[in-house]
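In our numbering, the protein residues as written are 674 to 874. Quick notes on the structure that follows.
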């Protein structure tokens, strides 16, 4: 079992990171929280979860152990797979998600794509006690510098659309939403655009 990988941040998108470790590049699927953490870093350590199936071996990477712990907890809930868990953790920070579950805010949880009312309620019922014992506080990873994130508006536009497509949204609605967000806030960093897009689509 891989506990973590530490190495050079070779490639980075809002949904994936390639970490080169001793000449081997590990492709890890990441949340927006981890993407924010990795921005402007040349080297990093990501905690890992391995999803091994007959047809695929997928690695998920996390900036903090708290985020991985929540990811694993979400996977224990029937109806929640790896991509759904990652989308949930892209919509909320670990601390925000804990607050949502503890306060039984199923309505807010259902704003996540593909998460219906029954599954949201199941997450709350099954994880409320677990989350309450985790003692996760607002320790969101440090964001990259705003100037670097907003230097290329076209790049933000393209990355946000590509990330939403990879998270399961059709290209046309994703493009429409991203353009609307950037029209209102031209200097928004890509992670903010994607988070807003997840709530609007």
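The beta carbon of each residue, even a glycine, is placed where N, CA and C say it ideally should be.
Whether residue i touches residue j by CB criterion (7 Å)
i: residue 690; j: residue 734; result: yes
i: residue 682; j: residue 699; result: no
i: residue 701; j: residue 685; result: no
i: residue 799; j: residue 750; result: yes
i: residue 706; j: residue 766; result: yes
i: residue 721; j: residue 675; result: yes
i: residue 871; j: residue 846; result: no
Residue interval of the alpha helix (DSSP H) (run including residue i)
i: residue 672; result: Coverage of the chain is limited to positions 674 through 874, which leaves residue 672 absent and any answer about it impossible.
i: residue 729; result: Neither: residue 729 is in no alpha helix (DSSP H) and is coded neither H nor E.
i: residue 864; result: 863-873
i: residue 736; result: That residue, residue 736, is in no alpha helix (DSSP H); it is neither H nor E in DSSP.
i: residue 769; result: 767-775
Secondary structure of residue i, DSSP reduced to three states
i: residue 851; result: helix
i: residue 721; result: strand
i: residue 842; result: coil
i: residue 682; result: strand
i: residue 794; result: helix
i: residue 805; result: helix
i: residue 829; result: helix
i: residue 835; result: helix
i: residue 676; result: coil
i: residue 812; result: With a pLDDT of 47 at residue 812, under the threshold of 50, the modelled position of that residue is not reliable, and no figure is offered here.
Other residues of its chain near residue i: CB distance less than 6 Å, five sequence neighbours each side excluded
i: residue 704; result: 759, 762, 763
i: residue 752; result: 792
i: residue 731; result: 724
i: residue 688; result: 836, 839
i: residue 783; result: 790, 793
i: residue 755; result: 724
Beta-carbon proximity list for residue i, same chain, < 8 Å, skipping 5 on both sides
i: residue 716; result: 679, 680, 681, 682
Contacting residues, own chain, Cβ-Cβ under 7 Å from residue i (five flanking each side not counted)
i: residue 866; result: 829, 833, 851, 854, 855
Boundaries of the beta strand (DSSP E) in which residue i is found, first to last residue
i: residue 783; result: Per DSSP, residue 783 belongs to no beta strand (DSSP E) and is neither H nor E.
i: residue 760; result: Per DSSP, residue 760 belongs to no beta strand (DSSP E); it is in the alpha helix (DSSP H), 755-764.
i: residue 691; result: 689-694
Spell out a yes or no on whether the segment 772-787 and the segment 709-728 are touching, meaning 3 or more CB-CB pairs, one atom from each, closer than 8 Å. no
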